[in-house]
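Asker:
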Amino acid sequence: MTTAQRIELLAQACRHPDLARLLGPIDSSALSDWVAAELGRADALDRFRPHGPIRSRAIAPAHILHIVSGNTPHAAFQNLLRGLLLGSHNTIKLPSSGLPELTRWIGSLPDALQALAISTTELTDNHWQRATVVVAIGSDATMQQVQEQVRPDQTFIPHGHKLSIGVVTEDFERAATLAAKDSSLFNQRGCLSPHAIYVQGDARKFATLLAQEMARFNQHTPAESLSLSEAGAVANLRETTRFLAANEDTTELWHSGDLAWTVIWENDSTLKLSCLNRCVYIKPLPEPCTAETLGAEAHYLSTIALHPFDPDLAERLAELPAHRICPLGKSQEPSLFWHHDGFAPLASLVKWKDIG
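Rendered as structure tokens:
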């Protein structure tokens with residue numbers, strides 16, 4: 010099957026509501042442009058093409074093993090889409106709880122594509138042995154465990170612990186609406202979810218507005234149910250914050266009557282990990298905004314979402330470790346062309362064969 014033929018089949022498959030809800034509209038032109046952008050030409054996988062004084066052809070991995078987390082289905086869809094577009098055989102190692110949306114999509118694929126995708130909740134020695142490429146998403150501990158299984162002849166692409174932030178410089182009312190969306194989707198469990206919003210100006214005022222918008226967002230998109238440990242983490246965070254707020258004027262707490270959402274203003278720019286589940290910190294934007302002024306957690310930045318989106322500010326913030334800077338409200342909606350953790354998602358999977 011040629012790349013063009015796979016693209017036509019995938020374009021039809023991308024209309025499935027489970028995929029379209031997460032990745033947005035994807036047509037054949039977008040898929041073709043994506044291949045061309047990363048591999049130089051849309052037919053780079055099909056034939057040798059001039060490459061300086063030689064001719065080269067991209068070679069897709071024979072078999073990709075995808076190990077995905079249960080935080081959100083978004084990354085699992087993205088990874089399988091990439092593997093199918095290249096024409097590789099794909100094994101998806103699902104979390105023990107499964108990913109029903111992904112399973113439905115695989116079941117809806119045309120036979121030619123369905124033959125290239127299988128899912129499992131248990132990995133065998135055969136799965137490891139067959140893999141040409143291993144792509145893993147999860148905690149840093151999971152990445153270490155996977156690394157120990159990978160052979161020298163296999164390509165390993167790790168996506169470990171990451172978190173994101175927002176930066177607001179003006180237009181607080183609109184920014185609060187957008188920040189509530191980004192902080193609430195997927196119950197804040199993905200690497201693209203903001204843990205903190207940094208505000209230029211009156212951060213305490215912005216926190217008040219965000220609390221109102223978090224409540225509003227929860228009315229039409231209720232928070233998912235929490236496990237006992239998750240509920241305990243949110244309750245403990247609130248109690249700790251309540252104690253701090255009672256003893257000093259550098260902290261304030263807003264929250265729902267249940268455990269649906271929590272907003273914490275702190276007059277301290279150090280980036281903290283949220284306990285997730287719609288718990289977000291509001292902090293003053295430091296000047297300069299650097300990895301040093303944000304603290305140790307800045308090393309794990311994935312995305313910085315800005316409002317208003319200012320290309321000049323984006324370029325200044327590009328010195329931070331984050332690999333993506335986008336408009337606020339789009340944190341959870343990366344472009345098909347984005348570089349996940351800095352990796353070119355198609356180009357990082359292929360190897361090249363040269364003649365000449």
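Residues are numbered in the numbering used here as their position in the sequence shown, beginning at 1, plus a constant of 9. By construction, the Cβ of each residue, glycine as well, lies at the ideal position given by its N, Cα and C atoms. Everything numeric in this text was worked out from a predicted model, so none of it was measured.
Compute the beta-carbon to beta-carbon distance between L315 and V176, rounded to the nearest angstrom, for a pair I have assumed lies under 8 Å.
Answerer: Rounded, the Cβ-Cβ distance is 5 Å, consistent with contact.
Asker: DSSP three-state call for K190: helix, strand or coil?
Answerer: In this structure, K190 counts as helix in the three-state DSSP scheme.
Asker: Tell me whether D191 is buried or exposed, calling it buried when 16 or more other Cβ atoms sit within 10 Å of its Cβ.
Answerer: Answer is buried; the Cβ neighbour count reaches 16.
Asker: Under 8 Å by Cβ, that's how I've got A51 and L93 pegged, so tell me the actual separation to the nearest angstrom.
Answerer: At roughly 16 Å, the Cβ-Cβ gap does not stay under 8 Å, so A51 and L93 are not in contact.
Asker: So, using beta-carbon positions, are Q163 and A140 closer together than 7 Å?
Answerer: Yes. Within cutoff.
Asker: Since I believe T271 is in contact with R247 (beta carbons under 8 Å), could you give me their beta-carbon distance rounded to a whole number of angstroms?
Answerer: Yes, they are in contact, since the Cβ atoms of R247 and T271 sit about 6 Å apart, within 8 Å.
Asker: Can you give me the Cβ contacts of L390 inside the same chain, cut-off strictly under 6 Å, excluding the 5 residues immediately before and after it?
Answerer: The displayed coordinates of the chain run from 10 to 365. Any statement about residue 390 would go beyond what the structure contains.
Asker: Residues in the same chain with beta-carbon distance under 6 Å from P295, minus the five sequence neighbours each way, listed in chain order, please.
Answerer: Counting only Cβ-Cβ distances below 6 Å, and skipping sequence neighbours, we find S278, T302.
Asker: Among S265, W43, K214, R113, which has the Cα closest to the Cα of M228?
Answerer: The amino acid at residue 228 is misidentified as Met; the sequence shows Gln. Checked all of S265, W43, K214, R113; the closest Cα to Q228 is S265.
Asker: Secondary structure at V44, three-state DSSP: helix, strand or coil?
Answerer: If DSSP states are grouped into helix, strand and coil, V44 belongs with the helices.
Asker: Can you tell me whether N88 is buried or exposed? The criterion is at least 16 other CB atoms within 10 Å of its CB, across all chains shown.
Answerer: When all chains shown are included, N88 counts as buried.
Asker: Buried or exposed: where does I364 fall if 16 or more other Cβ atoms within 10 Å of its Cβ makes it buried?
Answerer: It counts as exposed.
Asker: W361 and S65 - do their beta-carbons sit closer together than 7 Å?
Answerer: Going by C-beta atoms, S65 is nearer than 7 Å to W361.
Asker: Which same chain residues end up closer than 6 Å to I73 when comparing Cβ atoms and leaving out the 5 residues on each side of it in sequence?
Answerer: Closer than 6 Å at Cβ, skipping near neighbours: G92, S97, N99, V142.
Asker: Use the C-beta contact count for Q14: other C-beta atoms within 10 angstroms, 16 or more gives buried, fewer gives exposed.
Answerer: Exposed.
Asker: Does DSSP classify E275 as helix, strand or coil?
Answerer: Reduced to three states, the DSSP call for E275 is strand.
Asker: According to DSSP, is S78 helix, strand or coil?
Answerer: Three-state DSSP puts S78 in coil, outside helix and strand.
Asker: Hey, V243 and L268: beta-carbon distance below 7 Å or not?
Answerer: Result yes, Cβ atoms of V243 and L268 sit closer than 7 Å.
Asker: Return the chain-ordered list of same chain residues with a C-beta closer than 8 Å to the C-beta of E182, the five sequence neighbours on each side being excluded.
Answerer: L218, listed in sequence order.
Asker: Roughly how many angstroms separate the alpha carbons of S128 and E233, rounded to a whole number?
Answerer: Using only the alpha carbons, I get a separation of about 25 Å.
Asker: I68 and I419 - do their beta-carbons sit closer together than 7 Å?
Answerer: Residue 419 lies beyond the stretch modelled for the chain, which goes from 10 to 365, so this question has no answer here.
Asker: For I366, which residues from the same chain have a beta carbon less than 7 Å from its beta carbon, with the 5 sequence-adjacent residues on both sides left out?
Answerer: Any question about residue 366 goes unanswered here, given that the chain covers just 10 to 365.
Asker: Taking the alpha carbon of Q138 as the point to measure from, which residue in Q158, P104, H204 has its own alpha carbon closest?
Answerer: Of the listed residues, the one whose Cα sits closest to Q138 is Q158.
Asker: Compute the distance between the beta-carbons of L194 and Q341, then report whether it is under 7 Å.
Answerer: Yes, they are a contact pair.
Asker: Which ranges does the beta strand (DSSP E) cover as unbroken runs of at least 3 residues, wholly within the segment 133-198, from first to last along the chain?
Answerer: Here the runs fully enclosed are 142-146, 164-168, 172-177.
Asker: Which runs of the beta strand (DSSP E) fall wholly inside the segment 273-338 and span at least 3 residues, in chain order?
Answerer: Whole beta strand (DSSP E) segments, 3+ residues: 288-293, 310-316, 333-336.
Asker: Would you mind working out which of P119, L235, I273, S238 sits nearest R251, comparing C-alpha positions?
Answerer: Among P119, L235, I273, S238, the Cα nearest to that of R251 is on I273.
Asker: Quick one, which of L48, A255, S78, L285 has its alpha-carbon nearest S357's?
Answerer: Taking only the C-alpha atoms, the option nearest S357 is L48.
Asker: Kindly indicate which three-state DSSP category R15 falls into: helix, strand or coil?
Answerer: Three-state result, R15: helix.
Asker: Could you please give the first and the last residue of the uninterrupted beta strand (DSSP E) stretch that includes L262?
Answerer: From DSSP, the beta strand (DSSP E) with L262 extends over 260-264.
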